[in-house]
Amino acid sequence: MEERSLPLIGDPAPAFTAQTTHGEVNFPDDYEGKWVILFSHPADFTPVCTTEFMTFASMVDQFNERNCELIGLSIDSNYSHIAWVRTIEEKIEFRGMSGVKVTFPIIADLKMEVAHKYGMLQPGASDTHAVRATFIIDPEAKVRAILYYPLSNGRNMDEILRTLIAMQTSDEHGIATPANWQPGDEVIVPPPGTTDIATERVAGAGEDYRCLDWFLCLKKLPE
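For what it's worth, our numbering labels the leading residue of the sequence shown as 1168, then goes sequentially.
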């Protein structure tokens, strides 16, 4: 059986040079100091992928405001990509979106080189199409989050943006975020590592933070 691998959370994101709809991309050098969302889709001119690209394209400014760039990929040619994004802009209307211009690069990965490096090809789903893989990569070119969806179901781009914001918030403030966290919600104070600190943590609860128990304390971040 052919051995397959993919980068794991915390691993360096595999480097690559690829042709895209915006010319040649050298990753990670061209994205130094930026967050990157690298995502694959099964094929151009397919319905689910079209709705995904329209949604991502409509949210580009929200990602850019977070110092994050988008890069798409499929095992199609550059000519196919160009024709497809022109069709999206000129003909497709979806959920109130129309005239949507795809402004981020799309990798033409006909030789499947990038797809193999990132484990985007999964034979159980298809030998010729990349699954819906999403890699969130930080400014140090480390993989920070990985999401996989099947060919049949579109991704939730709001959740991808929420995850990006949550990780950036954790990095900036040294905290964790609870389930279903949204910006402005309480965050989790890292749990104490000793019994003495645990006792101090609970005793000190008040205006700055509140404790549900010694290991679960919550606080608001400054606005």
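The beta carbon of each residue, even a glycine, is placed where N, CA and C say it ideally should be.
This one's a predicted model, so the numbers in the text were calculated from it and none came from an experiment.
In the three-state reduction of the DSSP assignment, R1322 falls in the coil class. The beta carbon of H1189 is closer than 6 Å to those of P1272 in its chain, skipping five residues each way along the sequence. In the structure shown, I1327 adopts helical secondary structure according to DSSP, grouped into three states.
By alpha-carbon distance to S1337, the top candidate from K1268, D1305, L1379 and E1367 is D1305.
Cβ contact annotation for I1332 (same chain, cutoff 8 Å, sequence separation greater than five): R1233 and P1350, in chain order.
The continuous beta strand (DSSP E) containing W1202 extends over residues W1202 to S1207. Positions of the alpha helix (DSSP H) runs, each at least 4 residues long and wholly inside the segment 1272-1318, are given as 1280-1284 in order along the chain. In the DSSP assignment, V1354 forms a beta bridge with K1386. When only Cα atoms are considered, I1249 and I1238 end up about 15 Å apart. For Q1229, the enclosing alpha helix (DSSP H) has its first and last residue at V1227 to N1231. Excluding the 5 residues flanking it on each side, V1215 has same chain C-beta neighbours closer than 6 Å at G1321, in chain order.
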